[in-house]
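Okay, structure first, notes after.
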Amino acid sequence: MFIIATAIAPATDDFPFDHHRAGFVVEASTLKSRLFSASRSARQRFLRACLRGFCAVLPALLMVGPASAGHITLQIDTTSTVRDDQLQSRVTLTNQGDESAANIQVHVELQGKRDSSPIQASLGVQRSYARAFSRPIAGLSEGRHPLVVIIDYTDTNGYPLTALSFAEFIVGADNPPRIHGVIKGIELGREAELELRVKNLDSTPRALKLRLILPKEISSSQAEYQIALGASSEHTVSLPVRNFSALEGSRYQILVLVEYDEQSKHSSLVVPGIVKIVGATDLFRTYRVPLAIGVGILILLFVGLQFHFRFRKPSGH
């Protein structure tokens, strides 16, 4: 919701408004004739009314923004350990917002296979909820692997939302990644591109497999990529995304899983990024200062015309 204060110069006996037109439109010819014939004090009263109107509109232009509303912020903590060829994981949610979450369901995903918890009816403010999962991992390569955590929930109005997190676990001996990656945060209106930058930290060329993990409110035409990363080189990948159902003002974490194999060992790197959902209102707020300046210039031009009329005699006099 957005609230914009507006003001209009009041009608006076010297400068009447045409009440038969929507919005109290002043007829130009009437205004001109009144300006010529009105007394000096009447013109001054009219100018003061116009300036009061501008002073009322200017703060609204500079301060317009969304009305306060409740929000849900889920802190997700995940632990994972490997024991007897079983991956034991535990996901704990804490609601750090100021509104209760509802219909919470926790999912953990490994290599495209998903385990899900029962649905929790609600999670109040500053309350926590935990679920444990177990999955066999026989056959996984030795090394480091990613575990994706997906939280489905709704707000108090029943609107579906998603939160993402991750954990990593080790099978046998660790194989730390010899690559580094970053994603620059973006603002998403309708469509945008995420920019993933990856860097090879040593002289060994690597074949990387990339997988883009998105909340269900955001879509992409392509989720998987393969790139060849040369020795000690850098590479940039553009990842197109579009807004499917995300609400303006929301912030989402997205993930890119970067994995590779070498010498019979697996390695992985999870690169997180932030997507902020924006709309036309944010664009207005971005340009509110130029808009205010433009309104001020128009008011000054109008006032200048009044002074011009003040010292100019009507034709025929």
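End of the sequence shown = 321 in the numbering used here, gap-free, step of one.
From the three backbone atoms N, C-alpha and C, an ideal C-beta is built for every residue, glycine too.
How is residue i classed by DSSP in three states: helix, strand or coil?
i, result
"F248", "coil"
"I123", "coil"
"I3", "With the chain represented from 5 up to 321, any question about residue 3 goes unanswered, as that position is not in the structure."
"P294", "helix"
"L39", "Its pLDDT being 49, under 50, L39 is placed unreliably in this model, and the value from its coordinates should be taken loosely. Helix."
"A26", "With a pLDDT of only 37 at A26, under 50, the local geometry of the prediction cannot be trusted, and the value read off the model is given with reservation. DSSP places A26 in coil when its eight states are reduced to three."
"T10", "Since pLDDT at T10 reaches only 28, below the 50 mark, its modelled position is unreliable, and the value read off the structure follows with that caveat. Residue state, collapsed to three classes: coil."
For the candidate residues the options, whose alpha-carbon lies nearest to that of residue i?
i, options, result
"T160", "N107, H111, H184, S93", "N107"
"H239", "Y157, R210, L218", "R210"
"S93", "S104, G116, S120", "S120"
"L168", "E113, Q226, L91", "E113"
"T208", "D265, H111, V110", "D265"
"A124", "Q115, E146, T96, R148", "Residue 124 is actually Gln in this sequence, not Ala. Checking every option, the nearest Cα to that of Q124 belongs to T96."
"V241", "Y256, K188, Q267", "K188"
"V175", "F306, T82, S249, L91", "L91"
"I155", "V129, I183, N179, R118", "R118"
"Y157", "P122, I183, N179", "P122"
For the putative contact between residue i and residue j, defined by C-beta atoms under 8 Å, what is the C-beta separation to the nearest angstrom?
i, j, result
"F170", "L259", "6 Å"
"R215", "E228", "5 Å"
"L212", "G277", "L212 to G277, Cβ: 17 Å. No contact."
"V3", "V262", "Because the chain is modelled from 5 through 321, residue 3 falls outside the range shown and cannot be assessed."
"S271", "P181", "5 Å"
"S126", "A105", "7 Å"
"Y256", "I222", "6 Å"
Are there 16 or more other CB atoms within 10 angstroms of the CB of residue i, so buried, or fewer, so exposed?
i, result
"R131", "exposed"
"P150", "buried"
"R87", "exposed"
"R135", "buried"
"S84", "buried"
"A177", "exposed"
"F173", "buried"
"G147", "buried"
"L243", "buried"
"V186", "exposed"
"V293", "exposed"
"P219", "buried"
"I301", "exposed"
"L165", "buried"
"L200", "buried"
Looking at C-beta atoms only, is the number of pairs between the region 100-110 and the region 77-85 that lie closer than 8 Å three or more? Between the region 100-110 and the region 77-85, the count of C-beta pairs closer than 8 Å reaches three or more; the two stretches touch.
With a threshold of 8 Å, are at least 3 pairs of Cβ atoms found where one atom belongs to the region 271-286 and the other to the region 182-202? yes
Would you call the region 161-168 and the region 140-147 in contact, with 3 or more CB pairs under 8 Å? no
Check whether the region 228-248 and the region 293-301 touch, using three or more Cβ-Cβ pairs below 8 Å as the test. Contact check between the region 228-248 and the region 293-301: fewer than three CB pairs, one atom from each, fall below 8 Å, which does not count as touching.
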